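Enquirer: Numbering (this note's numbering), first residue to last: 1379 to 1535. Don't be surprised by glycine CBs; every beta carbon is placed ideally from N, CA and C. What you are looking at is a predicted structure, and each value in this text was computed from that prediction instead of being measured. Please find one structure pasted underneath; my questions will follow.
Dropping the structure here:
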């Protein structure tokens, strides 16, 4: 039991830094791919990343760091100007799961609430690609997505 408690306590270790790192990557990606005149040389790319890091990073990497050289997602992975979707998916996932947590709290049962599961199936799964994903999410949650559940799940609230 002691080991389990330690593992549970460490679950969210450095989740804030990890989130900030994802924001750094997403902002760099968005700025890089949304410029009217794209950065065409390696030094310009490094300068752009340095600007982003000065704005959002808590820890600065060493001067010799060449993160963009290994950041294949945005150069060869089909994610150009879309890296933010990783964090956005986490927001949607946590907020959707929060509906099950809320039902469990209200009903005194576990998160396997049948009515909430049915609403999820009807609003999200059955709709599939027949409408914009945001419409499906709002149909399920009855509102716009909120970041609160993600922050709570990651121990940041």
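#1: To which residues of the same chain is residue 1472 closer than 7 Å at the C-beta, ignoring the five residues directly before and after it?
#2: Quick one: complete alpha helix (DSSP H) runs, 4+ long, within the segment 1452 to 1493?
#3: Throw me the rounded Cβ distance for the residue 1518 and residue 1497 pair, which I believe falls under 8 Å.
#4: Could you give the C-beta distance for residue 1533 and residue 1393, rounded to a whole number, given that I count them as a contact under 8 Å?
#5: Determine the direct distance from the alpha carbon of residue 1493 to that of residue 1424, and round the result to whole angstroms.
#6: Helix, strand or coil for residue 1419, going by three-state DSSP, please let me know.
#7: Where does residue 1403 land, buried or exposed, given buried means 16+ other C-beta within 10 angstroms?
#8: Would you kindly work out how many angstroms separate the C-alpha atoms of residue 1428 and residue 1505, rounded to a whole number?
#9: Could you spell out where the alpha helix (DSSP H) holding residue 1403 opens and where it closes?
#10: In whole angstroms, what separates the C-alpha of residue 1454 from that of residue 1448?
#11: Determine the closest residue to residue 1457 out of 1479, 1437, 1407 and 1431, with distance taken between C-alpha atoms.
#12: Starting from the Cα of residue 1521, find the closest Cα among 1426, 1507 and 1501 and give me that residue.
#13: Determine the extent of the alpha helix (DSSP H) in which residue 1381 is found, giving its start and end residues.
#14: Grouping DSSP H, G and I as helix and E and B as strand, with all else coil, what is residue 1519?
#15: So what does DSSP say about residue 1528, is it helix, strand or coil?
#16: Measure from the alpha carbon of residue 1524 to the alpha carbon of each residue in 1467, 1510, 1487 and 1503, then state which is nearest.
Expert: The relevant details are as follows:
#1: The residue given as residue 1472 occupies position 94 in the chain shown. Here residue 1472 has 1527, 1528 and 1531 as same chain residues with Cβ atoms under 7 Å from its own Cβ, once five neighbours each way along the sequence are excluded.
#2: If we require 4 residues or more, the alpha helix (DSSP H) runs fully inside the segment 1452 to 1493 come out as 1463 to 1485.
#3: Working through the chain shown from its first residue, we reach residue 1518 at position 140. Working through the chain shown from its first residue, we reach residue 1497 at position 119. Confirmed, Cβ separation roughly 6 Å.
#4: Here residue 1533 refers to the residue found at position 155 when the chain shown is read from its first residue. Here residue 1393 refers to the residue found at position 15 when the chain shown is read from its first residue. With a beta-carbon spacing of about 6 Å, residue 1533 and residue 1393 fall inside the 8 Å limit used to define contacts.
#5: Here the question's residue 1424 lines up with position 46 in the chain shown. Here the question's residue 1493 lines up with position 115 in the chain shown. A direct Cα-Cα distance of roughly 51 Å separates residue 1424 from residue 1493.
#6: Residue mapping note: residue 1419 aligns to position 41 of the chain shown, counting from 1. Assigned with DSSP and collapsed to three states, residue 1419 falls in coil, not helix or strand.
#7: Position 25 of the chain shown, counting from 1, holds the residue named residue 1403. Answer is buried; the Cβ neighbour count reaches 16.
#8: By one-based count along the chain shown, residue 1428 stands at place 50. By one-based count along the chain shown, residue 1505 stands at place 127. When rounded, the distance between both Cα atoms is 43 Å.
#9: Your numbering for residue 1403 matches position 25 in the chain shown. It spans 1393 to 1412 - the alpha helix (DSSP H) in which residue 1403 sits, taken as one unbroken run.
#10: As a first step, residue 1454 is located in the chain shown; it is residue number 76 there, counting from the start. As a first step, residue 1448 is located in the chain shown; it is residue number 70 there, counting from the start. Just so you know, the alpha carbons of residue 1454 and residue 1448 end up roughly 10 Å apart.
#11: Here residue 1457 corresponds to residue number 79 of the chain shown, with the count starting at 1. Considering only alpha carbons, the answer is 1407.
#12: By 1-based counting over the chain shown, the position of residue 1521 is 143. That would be 1501, whose Cα lies nearest to the Cα of residue 1521.
#13: Taking the first residue of the chain shown as 1, we reach residue 1381 at position 3. For residue 1381, the uninterrupted alpha helix (DSSP H) segment begins and ends at 1380 to 1387.
#14: Taking the first residue of the chain shown as position 1, residue 1519 is located at position 141. Taken through DSSP and simplified to helix, strand or coil, residue 1519 comes out as helix.
#15: Position 150 of the chain shown holds residue 1528. Looking at residue 1528 - three-state DSSP - the assignment turns out to be helix.
#16: Working through the chain shown from its first residue, we reach residue 1524 at position 146. Closest in C-alpha terms to residue 1524, from the list 1467, 1510, 1487 and 1503, comes 1467.
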